[in-house]
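**Q**
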Amino acid sequence: MKIAFTTSGETLDAPFESRFGRAPKFLVYDLEKETFSVIDNRQNVNASQGAGIQAATTVARAGVACLVTGHCGPKAYKVLSAARIRIFASSAATVKEALGLFRDEKLVEALSADVEGHWM
Amino acid sequence: MIVAVASGKGGTGKTTVSANLARVFDAEVQLLDCDVEEPNAHLFLKGAGIEEEEICIPVPEVDEVLCDGCGECGAFCRFHAIVSFGAKPLVFPDMCHGCGGCAKVCPRKAIRETGHRIGVVGKIRADRVTLIQGRLDVGAPMAPPLIRAVKARMRKEVPAILDAPPGTSCPVIATIGGADFVLLVTEPTPFGLNDLGIAVDMVRDLRIPFGVAVNRVGAGDDRVHAYCRDQGIPILLEIPEDRAIAESYSRGELIVDSLPRYRPLFEELARGLFDGGSPSGNRAGYRPFKSCQGRFRRRENGCALELHGKTCCGLDNRCGKPPCEDKR
Numbered sequence: 000m001k002i003a004f005t006t007s008g009e010t011l012d013a014p015f016e017s018r019f020g021r022a023p024k025f026l027v028y029d030l031e032k033e034t035f036s037v038i039d040n041r042q043n044v045n046a047s048q049g050a051g052i053q054a055a056t057t058v059a060r061a062g063v064a065c066l067v068t069g070h071c072g073p074k075a076y077k078v079l080s081a082a083r084i085r086i087f088a089s090s091a092a093t094v095k096e097a098l099g100l101f102r103d104e105k106l107v108e109a110l111s112a113d114v115e116g117h118w119m
Numbered sequence: 000m001i002v003a004v005a006s007g008k009g010g011t012g013k014t015t016v017s018a019n020l021a022r023v024f025d026a027e028v029q030l031l032d033c034d035v036e037e038p039n040a041h042l043f044l045k046g047a048g049i050e051e052e053e054i055c056i057p058v059p060e061v062d063e064v065l066c067d068g069c070g071e072c073g074a075f076c077r078f079h080a081i082v083s084f085g086a087k088p089l090v091f092p093d094m095c096h097g098c099g100g101c102a103k104v105c106p107r108k109a110i111r112e113t114g115h116r117i118g119v120v121g122k123i124r125a126d127r128v129t130l131i132q133g134r135l136d137v138g139a140p141m142a143p144p145l146i147r148a149v150k151a152r153m154r155k156e157v158p159a160i161l162d163a164p165p166g167t168s169c170p171v172i173a174t175i176g177g178a179d180f181v182l183l184v185t186e187p188t189p190f191g192l193n194d195l196g197i198a199v200d201m202v203r204d205l206r207i208p209f210g211v212a213v214n215r216v217g218a219g220d221d222r223v224h225a226y227c228r229d230q231g232i233p234i235l236l237e238i239p240e241d242r243a244i245a246e247s248y249s250r251g252e253l254i255v256d257s258l259p260r261y262r263p264l265f266e267e268l269a270r271g272l273f274d275g276g277s278p279s280g281n282r283a284g285y286r287p288f289k290s291c292q293g294r295f296r297r298r299e300n301g302c303a304l305e306l307h308g309k310t311c312c313g314l315d316n317r318c319g320k321p322p323c324e325d326k327r
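Protein chains in written order, with numbering that gives the first Met the number 0: chain Z, 0 to 119; chain Y, 0 to 327.
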C-alpha cells in the first residue's frame, strides 16, 4: 500500500506540510517495500485556482490508497473521494513523524473537507 | 466611441471619473459597470431599473452511459473544471470558463453543455445615462464571461464609458479589449505610480491609445507627473485633493452635481474624449489628446491645478506653449 504525505522537502526528515493543494511536494511511501519517491507539485504552488483538484489528480495517478496532509478543501476532497483515497489529518512536524503516527493508527480519518475553498 | 476607465491600483477613482464623465454628457451615453465583483456605479447614478437578465455560461454534463472514461476531457481542460481518471469525470462548474473544449474533444460525444448561472446584468436609466451593470453571484469566481455579457448589451451607436475593475488581470483585459481609448486613473502616491506603470505596460501591449487621470492632486508628490512627462503620456484630468469631494462621495453624490466648480473638468474631458459627446460617437475623438492639438490647450488658462496653485497643465509641453511657470 502506498501513502502520500505533503512535504516541502525530499526526505523522511523533511518538514511535513499542512497545505494539500499548494504543498511543494508529495512524498509517496510504499509500506510493503519500505521505499519512497517524491512527486513535485511546484506547478500548483502558485496556481491561481484549481490547485486542490490538480493535486488530488496527481496523487490519484500515483496510485496511493491514503493521503496524510494537514488540511483538505472541498474540491480536492471530492476528487480524492472519487479516486477512493482515504484522507488522514496530521499536524506532525516531519514526514517521518507523520508516517510513525500513521503506522500506529494514531491519525484520524477526515470524512469531509475541513477547510473552505478559496473561491467559495 | 468606447472609453474604458481603468487603473492598476484600486480605489484611485475609476467610478468617480466614469460616473461624473457620464453625467456631463448632453446626449445619450452608456456607462458600463464592468467591475462585476463589486459594482458600485449605481450608488452614484440613481435611476429606475429597466431590466435584469440572468447570465449563464455553458458547463459540461457527462452522459454516464456513453462515457468510457478515456480522460480526453480532463487532459484538455487547463482549468481543472473536468477531471477524469478512469471513471466518469467529475465536473466543477465553478472552475469552468465555458469554452466548450471538453465537449469537442470527447471521442464518444458523451458531453453536452448545460447552463450554469454566474450572475446578472441589470440596466438602470438615470436621465441621459443608461447604466449597464454586471453583478457576479457570490461564490462565482468567473468574472470575464459576465463582463463580456455586459459588453454584449452595449449599443454600438451610443458612446460608452466602461468602468473597469482594478488591476491588470483577466477581468481588466476582458473590459478594455475593443475599447478605443483607455483612461488610467491614478493617485500621486508611490503605490499609485507603481501600479500605473504596470497598467501602462498592459495598455501598451494591447496597443490601445491611452491617457492618465490623476486624482487627489496635491495629496502626495509629483512623481506621477514626472513619470507621465518622461513617458510622453498625456494627463487628461486632474482632480484636486479636496475634502469637499470626499464628503460628496461619502454621501453618494457626484462631484459635477454637488460641487459645480469642478464640473468644467469633466465637461472638458468629455469634449476631448468624445468630441462633445456627439450622439454619433467619434472614434477619432481621442486624437486631440495624442497630439495635444485639441481643446485641452485651453486648460493652460484655467486648469484645476492653476486654480489650486499647483504645478502643471499636465500636457508635457506638447501643445507648443511654454509650460506653466511653477511647473518645473
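For each residue, glycine too, the CB sits at the ideal point set by N, CA and C.
From the beta carbon of Gly49/Z, is the nearest beta carbon of chain Y less than 8 angstroms away?
**A** yes
**Q** Leaving out five residues before and five after Val61/Y in sequence, what residues of the same chain have Cβ atoms less than 7 angstroms from its Cβ?
**A** Lys87, Pro88, Val90, Ala109, Ile110
**Q** For the putative contact between Gly121/Y and Gly48/Y, defined by C-beta atoms under 8 angstroms, what is the C-beta separation to the nearest angstrom?
**A** Yes, they are in contact, since the Cβ atoms of Gly121/Y and Gly48/Y sit about 6 angstroms apart, within 8 angstroms.
**Q** Could I get the ranges of all uninterrupted alpha helix (DSSP H) runs contained in the region 151-188 of chain Y, with 4 residues as the minimum, in chain order?
**A** 169-175
**Q** So Phe265/Y and Val23/Y are in contact, right, with Cβ under 8 angstroms, and what is the actual spacing, rounded?
**A** Correct: roughly 5 angstroms between the Cβ atoms.
**Q** For Val181/Y, which residues of its own chain have a beta-carbon under 7 angstroms away from its beta-carbon, when the five flanking residues on both sides are left out?
**A** Result list for Val181/Y: Ala3, Ala5, Ile175, Val202, Ile207, Phe209, in chain order.
**Q** Going by C-alpha to C-alpha distance, which of Leu192/Y, Ile1/Y, Ser257/Y sits closest to Asp221/Y?
**A** Leu192/Y
**Q** I think Leu30/Y touches Leu42/Y, with their Cβ atoms under 8 angstroms apart; what is that distance to the nearest whole Å?
**A** A Cβ-Cβ separation of about 12 angstroms leaves Leu30/Y out of contact with Leu42/Y under the 8 angstroms criterion.
**Q** What residues from chain Y crowd round Arg121/Z, counting only those whose CB sits closer than 7 angstroms?
**A** An answer regarding residue 121/Z cannot be provided, because it is not within the stretch 0 to 119 covered by chain Z.
**Q** If you check the beta carbons only, do Lys1/Z and Val63/Z fall under 8 angstroms apart?
**A** yes
**Q** Is there a C-beta anywhere in chain Y that falls below 8 angstroms from the one on Ala81/Z?
**A** yes
**Q** Output yes if chain Y places a C-beta closer than 8 angstroms to the C-beta of Thr56/Z; else output no.
**A** yes
**Q** Does any CB atom of chain A fall closer than 8 angstroms to the CB of Lys32/Z?
**A** Given the protein chain composition of this structure (Z and Y), no chain A is represented.
**Q** To which residues of the same chain is Ile146/Y closer than 7 angstroms at the C-beta, ignoring the five residues directly before and after it?
**A** Cys33, Val35, Gly133, Pro170, Ala173, Thr174
**Q** With distances taken Cα to Cα, identify the nearest neighbour of Leu20/Y among Pro57/Y, Phe75/Y, Ala148/Y, Leu130/Y.
**A** Leu130/Y
**Q** By how many angstroms is the C-alpha of Ile81/Y removed from the C-alpha of Ile116/Y?
**A** For clarity, residue 116/Y is Arg in the given sequence; the question names Ile instead. If I take the Cα positions, the gap works out to 17 angstroms.
**Q** Taking DSSP's pairing of strands, which residues face Arg116/Y in a bridge?
**A** Cys55/Y
**Q** Among Glu33/Z, Ala92/Z, Phe101/Z, which residue has its Cα nearest to the Cα of Ala13/Z?
**A** Ala92/Z
**Q** Mark Ile197/Y as exposed unless 16 or more other C-beta atoms lie within 10 angstroms of its C-beta, in which case mark it buried.
**A** exposed
**Q** Does any residue of chain Y bring its CB to less than 8 angstroms from the CB of Lys1/Z?
**A** no
**Q** Is the region 52-59 of chain Y close to the region 157-164 of chain Y, with three or more CB pairs under 8 angstroms?
**A** Judged by Cβ distances under 8 angstroms, the region 52-59 of chain Y makes no contact with the region 157-164 of chain Y, as fewer than three pairs qualify.
**Q** Hey, Ala139/Y and Gly118/Y are a contact pair by Cβ (cut 8 angstroms); roughly how many whole angstroms apart?
**A** 6 angstroms
**Q** So the candidates are Leu258/Y, Ala26/Y, Gln230/Y, Thr188/Y; which of them puts its Cα closest to the Cα of Gly9/Y?
**A** Thr188/Y
**Q** Would Val149/Y be called buried (16 or more neighbouring beta carbons within 10 Å of its own) or exposed?
**A** buried
**Q** In angstroms with no decimal places, state the Cα-to-Cα distance between Pro92/Y and Phe25/Z.
**A** 27 angstroms
**Q** Suppose the cutoff is 8 angstroms on Cβ atoms and the five residues either side in sequence are ignored; what does the same chain contact list for Gly114/Y look like?
**A** Cys55, Ile56, Pro57, Val58
**Q** Identify the contact partners of Met94/Y in chain Z, using a Cβ-Cβ distance below 9 angstroms as the criterion.
**A** Gln48, Gly49, Ile52, Lys74, Trp118
**Q** In terms of residues, what are the limits of the alpha helix (DSSP H) holding Ala269/Y?
**A** 262-273
**Q** Given a limit of 7 angstroms on CB to CB distance, which residues of the region 133-159 of chain Y reach chain Z?
**A** Gly138, Pro140
**Q** Between the Cα of Cys72/Y and those of Asp179/Y, Cys101/Y, Phe190/Y, Glu246/Y, spot the shortest distance and give me the residue it belongs to.
**A** Cys101/Y
**Q** Please list the segments of the alpha helix (DSSP H) lying wholly inside the region 12-39 of chain Z, counting only runs of 4 or more residues, in order along the chain.
**A** none
**Q** Can the beta-carbon of Val94/Z be found closer than 8 angstroms to that of Leu11/Z?
**A** Yes, Cβ-Cβ distance for Val94/Z and Leu11/Z is below 8 angstroms.
**Q** Checking contacts by CB at 8 angstroms: is Gly9/Y closer than that to chain Z?
**A** no
**Q** Below 7 angstroms on C-beta distance, what does Val78/Z contact in chain Y?
**A** Simply Val82, Leu89.
**Q** According to DSSP, Thr6/Z sits in a beta bridge with which residue or residues?
**A** Phe15/Z, Lys24/Z
**Q** Would DSSP call Asp62/Y helix, strand or coil?
**A** Correct three-state label for Asp62/Y: coil.
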